[in-house]
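Input: a single structure, listed below in structure tokens.
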Amino acid sequence: MYVLHIANKNYSSWSLRPWVLMQHLGIPFEEINHRFGTGSIKPVSPSGQVPLLIDGDTKIWESIAIVEYLAERHPGIWPEDPAARAWARSAAAEMHGGFSHLRNICGMNIGLRIKLNTVPDGLRQNLNRLEDLWKDGLLRFGGPFLAGEKFTAVDAFFAPVAFRIQTYNPSVEERARAYAARLLGLPAMQAWSAAALAEDYRDPPHDAENQAVGTITADFRAPEKS
Ligand SMILES: N[C@@H](CCC(=O)N[C@@H](CS)C(=O)NCC(=O)O)C(=O)O
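Number 158 in our numbering belongs to position 117 of the sequence shown; there are no gaps in the numbering.
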């Protein structure tokens, strides 16, 4: 049985990617949850970060490597069509290495709703690129997912963006908003979200970062246990 190490579901966008993919595809795994700030990830993970997948004696870290490891063993991780697969790999790699303004300014915090103080140029550029990329995939492969009919790893890579759109409500075109809503409606995304909202503990550095970029207009998280 695979073991997937992840962190707080409310904040850990990288953990979400392999989790939602495995959950959606019905690949069985045991999950181990770490809390940010406790130092429990460091001794387990070669990079000191999550997600980390363990398969017997083999440790796989970095979300993109985890996805490729799974793709060698399970159907459905990437699209079957070679052109769609090439596009999906490119778009997932672009997400893995890029969109830094979106990732840094709009940190994932599933339970909060935040009105951004400003939308800096870098963030607007990332959002423009996101709209173009999603439009390209959805039109080229016919939807409803980015590389065609099925939810694959490229959708998993953009899954945290759907939560960010929900939290920060940035101005994005209707097609992008509808795709984000489609992701949010998936049972695996709903399960992750419900667990995130039920977390009764916080990571103050993440909360401080999110608070610094705007005004919190709602907080749907379970009360913090002291
Ligand atoms: N490039 C890595 C990023 C992993 C990452 O940044 N993980 C964060 C959580 S979302 C982490 O483990 N942070 C804890 C730390 O850095 O101490 C991947 O794709 O897996």
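Cβ atoms here follow ideal geometry from the backbone N, Cα and C, with glycine treated the same way.
- Put simply, the stretch 52-61 touches the stretch 91-98. At least three CB pairs are less than 8 angstroms apart.
- Burial state of A48 is buried, judged by a 10 Å Cβ sphere holding 16 or more other Cβ atoms.
- For the beta strand (DSSP E) assignment, the uninterrupted runs of no fewer than 3 residues enclosed by the stretch 129-168 are, from N- to C-terminal side, 153-157.
- Within 10 angstroms of the beta-carbon of K50 lie 16 or more other beta-carbons, which makes it buried.
- Using a C-beta cut-off of 8 angstroms, the stretch 221-234 makes contact with the stretch 199-213, since at least three inter-stretch Cβ pairs fall below that distance.
- Rounded to whole angstroms, W119 and N150 show a C-alpha spacing of 28 angstroms.
- When C-beta atoms of the stretch 115-131 are compared with those of the stretch 162-171, fewer than three pairs fall below 8 angstroms, so the two segments do not count as touching.
- Between the stretch 71-86 and the stretch 127-138, the count of C-beta pairs closer than 8 angstroms stays below three; the two stretches do not touch.
- Within 10 angstroms of the beta-carbon of E240 lie 16 or more other beta-carbons, which makes it buried.
- Straight across, the Cα-Cα distance linking F198 with Y209 is about 19 angstroms.
- Any heavy atom of ligand 1 within less than 5 angstroms of a residue's beta carbon puts that residue on the list, which reads S53, W55, Q90, V91, E103, S104.
- Closest in C-alpha terms to T256, from the list K83, D244, H137, C147, comes C147.
- L157 and L143 do not touch by the CB rule: their CB atoms are close to 12 angstroms apart, not below 8 angstroms.
- Straight through space, the alpha carbons of T193 and F186 are spaced by roughly 8 angstroms.
- The alpha carbon of K176 has as its nearest neighbour, out of A132, A106, G138, the alpha carbon of A132.
- Apart from sequence neighbours up to five positions away, the residues of its chain that approach F140 with a beta-carbon distance below 6 angstroms are N167, ordered along the chain.
- Around the Cβ of P245, a 10 Å sphere holds fewer than 16 other Cβ atoms; the residue is exposed.
- Counting along the chain, the unbroken alpha helix (DSSP H) around V61 starts and ends at 54-66.
- Taking the C-beta atoms as reference points, I107 is found nearer than 8 angstroms to P59.
- By alpha-carbon distance to D98, the top candidate from V44, I73, Q231 is V44.
- With 16 or more neighbouring CB atoms inside 10 Å of its own CB, A237 falls in the buried class.
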